[in-house]
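Worksheet: one structure, shown below.
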Amino acid sequence: MRRSPSFKDRAAAWLPVLVLSPSILAVFVGVYLFICWTAVISFSSSQMLPRYDFVGFAQYVRLWSTPRWIIAVENLFIFTALFLIVTIAIGLVMAILLDQKVRAEGALRAIYLYPMALSFIVTGTAWKWILNPTLGIQKVVNDWGWQSFVFDWITRPEVAIYCVVIAAVWQSTGFAMAIFLAGLRGIDNSIIKAAQIEGAGLPRIYLSIIVPMLRPAFLSVIVLLSYISIKSFDLVLALTNGGPGSATEMPSTFMFSATFRRNQMGVGAASAMMMLMTVAAIIIPYLYSELKEDRNGH
Amino acid sequence: MSTFTKVLMATAIAFPMAQIAQAEGKVEGIHHWVSESEVGALKVLTDSLATKGFIWEDSAVGGLSGANATQALRTRLAAGNPPDTMQLLGYEGVEWANEGALRSLNDLYAKNGWEAAIAPAIQPFVKAGDDYFAAPINMHRQNWVWANKAIFDKYGIAEPKNWDEMIAAGKKLKENGVTAFALSDENWQILEVFEAILTDQNGTDFYKKAVIDLDETALSGPEMIKAFDTLREVRGLVDDGFTGRDWAVASGMVASGQAAMQIMGDWAKGEFLAKGMKPGVDFLCFPTPAATPNYKFVIDAFGVFKKDDAAVAGQDAWIETVMDPESQKKFNMIKGSIPARIDVPVDGFDDCAKRSFADRDAAVNAGTMVGGLTEGFAAKPQFAGVFSDVVGQFFVSDMSSQDAVTALVDGINNAR
Amino acid sequence: MATDLRSARRSQQLGRLFIYGSLVALAAFYLMPLWVMIVTSLKSLDEIYAGSFIGLPKAVTFEAWSKAWGTACIGTKCAGLKPYFINSLLMVIPAVILSSGIGAINGYVLTKWRFKGSNVVFGMLLFGCFLPFQAVLLPMAQVLGKLGLSGSIPGLVLVHTVYGIAFTTLFFRNYFITIPDELTKAAQIDGAGFFRIFFSIMLPAALPIIVVSCIWQFTQIWNDFLFGVSFTAGDSTPVTVALNNIVNVTMGRKQYNVDMAAAMIAAIPTLVVYVVAGRYFVRGLTAGAVKG
């Protein structure tokens, strides 16, 4: 027999939504409303201050005719690809190595993880000196006797971006390692034992069994590292300030400089919209697949 | 007045937070002076303000040559919570004055006769339309050459009279294994050299046409190509370790004899003086060589924002402190620049400053005083940015002069 | 037989050597910048200008540290980092507690009290993680101004909470999803209500992920510079802004040793958190944050 829902039941049904509503409101304003504002500005003629008029796609045309923007976009792809690949590779290797019942695991883990604790300003400044040919590594190695050793990437426009990659990799591998390690520890030992009984060697086991089982960890790492890559603003600013020339310009530094230094708010907003659309193009399919799976698998 | 400004002003007046601060006789200012000498100079002003009964509340934001401070200001204004005063550079003040955010200082200017005390060339940066909105505290000169006297004497080099002589001197030094120019790969340092070349070779009228009016024929003409060619020569006279070099470190190189010359504004003087070196004895200071002498100025000025009535007394006291001749003298003796007021006497200043005074008077009379492009006193930021990008790119790559000129013209047109 | 055993042992030894060797080489790579920073902060200024950055100090001096903490000039105020350090603490602690707390309850709702569209809500919240923050500075400043919170620490706390919700919700939701629904359903049948279940069942079980969330948020908020410089003024700025002022000195001799000491002082809280709580971080990740 069905009883009609009491007031308490009905109130209880609304409670979840009520509890969520402050967050929904905060995110609605802080994220989506502001994105709309940025979109509006990107279609306006704003320079130093916001101007609420409409000029169509003029700012976007201007954006894509700016050589520095093209460089920034190229750099973003190079940087993100290298950053993801190298960080994931090294993080995975470190996790596998640490998983081998190593002594001093705690100390080593702390050593790999601590760079994440530092702010980008600190990281960028320290690496700026290490990579400087007259003050850092090159000088030290030269002083030790290898006069012909050259490591001046940070001074050469074609390869300066790799220096940003090095510093970013240094900062974030520990985090990737921690996630992979957690994933490895969650794998059932019996599977490995079964494979060993069947005669598979350790490398083979890792490659064909364990790594594929780490799929959820891979997804988490990719999402979090992409987040860090987009936020690479502070690091680039502290390490190279976009130089030499504009060689290490990134969309985030471009947007900042256009809005606050060059009084081209409309162009800055257009670049922000481009960044958002790129992010959306990657994240939305991921989110969709994530949540779809979840609905079925639960 | 734009809707934006109306909103922010309404918000500023509606909220009592600002009033509470003012009731205690405070003046809050945003600036980007964070080094010891800069702070020491600022203290001269804040101490003088204290004698008038107002306490200075400091909101220093350093870095990126003032870009961080500008960002802080913009967000404060967007929030309807402007500071009492702000150190204004370049066109920033003009823009805010046009938006109606800055208080008019006409009363103070009239009362104290300040109009006659400042050089006419800087008026566009302290006056918008009919209203004065800022009080300049100092004047820097951008295009000095700082040279190591010992090296010059050793190789028998005299003060060059034009850029050809300067390049020739540089080549002679290079043959003898001496680094001619101490430079960096930072865009602004290179742009300072480039714009010095441009003005010195072609005169201030051409400079105005090309850089301020952004005339396309001037920008794409042979003068530009020649300027880039000369910059390319300079590039050949720079040592290999110039990347990421701080300008103060470059000054140090000249001071210690590792390099012969540095082209830098007068803020470099402090580096030499701090090492106990004397102008004319240990180091030489002369403007970059020009056929007709010019004077490239950079000024720091303070504007005051429209807030509530309680703020006015403090703001007025601050402006009067800034323009006080005695304050200007003391401030600039510490900072290394010369007073913005042209009626402050030269006694007590060192020889380089004295030369600056004399050159400025001459330039005022001849009408060859112009604002520096690098520091934002010529082309507006969106165009200055293009110059900076192209010149910087040219210096660190092997771009041809023609390509550079094409890139420059395209970039300027794109930003119009 | 004996040779097989020996060669097996040798290959195992070589294997261990390889493992330890790689780990130590990697450790050297990760420690190098820290080494540079510590060593530079202990040198006198003359020594730095005379030599390179990487060698050991000839005469160890802690002068740079005491200067950075108590007397370094940040603008015209020469009280070192101490007051700004305190500002950061006042700002970070409420922001971490608020954002983690809200994330926890959000995660709880989204997994145990699902309604139509809860996945859409989650997706929308999550998208906020990827927003480039430079884009929201101006509109956020306008909002803060209207709320009367501009230039103050509470305003900064609000901003960090708003943008932290996306991440904390992600952590808690992914964790709570691994807690079996039967647990909560059983409690409901017993008569427990919404909040009762949350406080007596979910939170106690969530200790690992609470640690993960707090560590992550603490680091992000403590190290933030952009919001700090945009939304605070004068005396209420956090330590990152003060550090930027110390490090970005352009006139005169750069005091590298003070710079490095200041950077280390600013980094100590987060370093301590990671070194001390790092193992809980990994444990917390194992316990569920990792599962996609």
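Protein chains in written order, with our numbering: chain A, 1439 to 1736; chain B, 8 to 423; chain C, 230 to 521.
Don't be surprised by glycine CBs; every beta carbon is placed ideally from N, CA and C.
Owing to the predicted nature of the structure, the values given are computational and were not obtained by experimental measurement.
Outcome for residue i when other beta-carbon atoms lying within 10 angstroms are tallied against a minimum of 16
i         : result
C/ILE315  : exposed
C/SER459  : buried
B/GLU43   : buried
B/ASP236  : exposed
A/PRO1723 : exposed
A/ARG1500 : buried
C/LEU376  : exposed
C/LEU285  : exposed
C/LYS414  : exposed
C/ALA237  : exposed
A/MET1703 : buried
C/ARG245  : exposed
B/PRO332  : exposed
A/PHE1492 : exposed
B/SER191  : buried
B/MET268  : buried
B/ALA373  : exposed
C/TRP294  : buried
B/ALA30   : A caution first: B/ALA30 carries a pLDDT of 45, below 50, which makes its placement in the model unreliable, though a value can still be read off. Exposed: under 16 other Cβ atoms inside 10 Å.
C/VAL505  : exposed
C/GLN484  : buried
A/ALA1709 : Correcting the residue identity first, residue 1709 of chain A is Ser in this sequence and not Ala. A/SER1709 should be labelled buried.
Residue i versus residue j - alpha carbon distance
i         : j         : result
C/MET261  : B/PRO131  : 52 Å
B/HIS38   : A/TRP1584 : 46 Å
A/GLY1529 : A/ARG1547 : 11 Å
C/ILE438  : C/PHE344  : 24 Å
A/SER1667 : A/VAL1603 : 10 Å
B/GLY73   : C/ILE331  : 38 Å
B/ALA28   : C/ALA308  : Since pLDDT at B/ALA28 reaches only 43, below the 50 mark, its modelled position is unreliable, and no value is offered.
B/ASP212  : C/ILE382  : 51 Å
B/PHE293  : B/ALA281  : 19 Å
B/LYS156  : B/ILE62   : 45 Å
A/TYR1552 : C/PHE258  : 12 Å
A/MET1713 : C/PRO361  : 8 Å
C/VAL372  : B/ALA86   : 7 Å
B/GLY287  : C/ASN474  : 34 Å
Partner residues on chain C for residue i, Cβ-Cβ distance less than 8 Å
i         : result
A/ALA1563 : The sequence as given places Thr at residue 1563 of chain A; Ala does not occur at that position. What A/THR1563 touches in chain C: VAL476, ASP488, ALA492.
B/GLY87   : GLN371, GLY374, LYS375, SER379
Within chain C, partners of residue i - CB distance below 9 Å
i         : result
A/PHE1481 : Ordered by position in chain C, no residue passes the 9 Å Cβ test against A/PHE1481, which lies about 15 Å from the chain.
A/ILE1647 : Per Cβ cutoff of 9 Å: no residues; A/ILE1647 is ~18 Å from chain C at best.
A/GLN1585 : Under the 9 Å cutoff, chain C gives no residues; its nearest Cβ is about 15 Å from A/GLN1585.
B/TRP121  : Those within 9 Å of B/TRP121 in chain C number zero; the least Cβ separation is about 25 Å.
Contact belief for residue i with residue j at Cβ below 8 Å, rounded distance in angstroms
i        : j        : result
B/GLY383 : B/THR92  : No, B/GLY383 and B/THR92 are not in contact; Cβ-Cβ is about 19 Å, not under 8 Å.
B/MET260 : B/ALA189 : 4 Å
C/THR469 : C/ASP453 : 7 Å
C/THR200 : C/LEU354 : Nothing can be reported for residue 200 of chain C: it is not among the residues displayed for chain C, which extend from 230 to 521.
B/PHE338 : B/ILE144 : 6 Å
B/VAL377 : B/ALA385 : 7 Å
Contacts of residue i in chain A (Cβ-Cβ under 8 Å)
i        : result
C/LEU318 : What C/LEU318 touches in chain A: nothing, since even the nearest Cβ is about 15 Å away.
B/GLU193 : ASN1679, GLY1681
B/ASN113 : Near B/ASN113 there are no residues of chain A at all, since even the closest Cβ is about 24 Å away, more than 8 Å.
Partners in chain B for residue i, counting only beta-carbon separations shorter than 8 Å
i        : result
C/VAL458 : VAL68, ASN75, GLN78, ALA79
Contact set between residue i and chain B, taken where Cβ atoms lie within less than 7 Å
i         : result
A/PHE1698 : ALA74, THR77, GLN78, ARG81
Under 9 Å by beta carbon: chain B residues contacting residue i
i         : result
A/LEU1673 : Correct list: empty, because the minimum Cβ distance to chain B is about 15 Å.
Partner residues on chain A for residue i, Cβ-Cβ distance less than 7 Å
i        : result
B/VAL403 : PRO1595, PRO1682, GLY1683
C/CYS358 : TYR1665
Next on the checklist: Threshold first: 3 residues or longer. Then list the beta strand (DSSP E) segments lying entirely within the stretch 23–70 of chain B, N to C.
Outcome noted: Here the runs fully enclosed are 33–38, 62–67.
Checklist entry - Mind pulling the alpha helix (DSSP H) runs of 4 or more residues that sit fully within the stretch 404–491 of chain C? => result For the stretch 404–491 of chain C, whole alpha helix (DSSP H) runs of length 4 or above, ordered along the chain, are 410–418, 423–426, 436–451, 455–460, 468–476.
Item to check | Complete runs of the beta strand (DSSP E) confined to the stretch 118–204 of chain B [at least 3 residues] | outcome: You should have 141–148, 151–155, 186–188.
Item to check | Whole runs of the alpha helix (DSSP H) within the stretch 1592–1673 of chain A, excluding any shorter than 4 residues | outcome: Entirely contained in the stretch 1592–1673 of chain A, the alpha helix (DSSP H) runs reaching 4 residues are, in chain order, 1598–1623, 1627–1635, 1640–1643, 1653–1668.
Checklist entry - Residue ranges of each alpha helix (DSSP H) run of no fewer than 4 residues wholly in the stretch 1550–1591 of chain A, ordered along the chain? => result Listed in chain order, the complete alpha helix (DSSP H) runs (minimum 4 residues) inside the stretch 1550–1591 of chain A are 1558–1569, 1575–1581.
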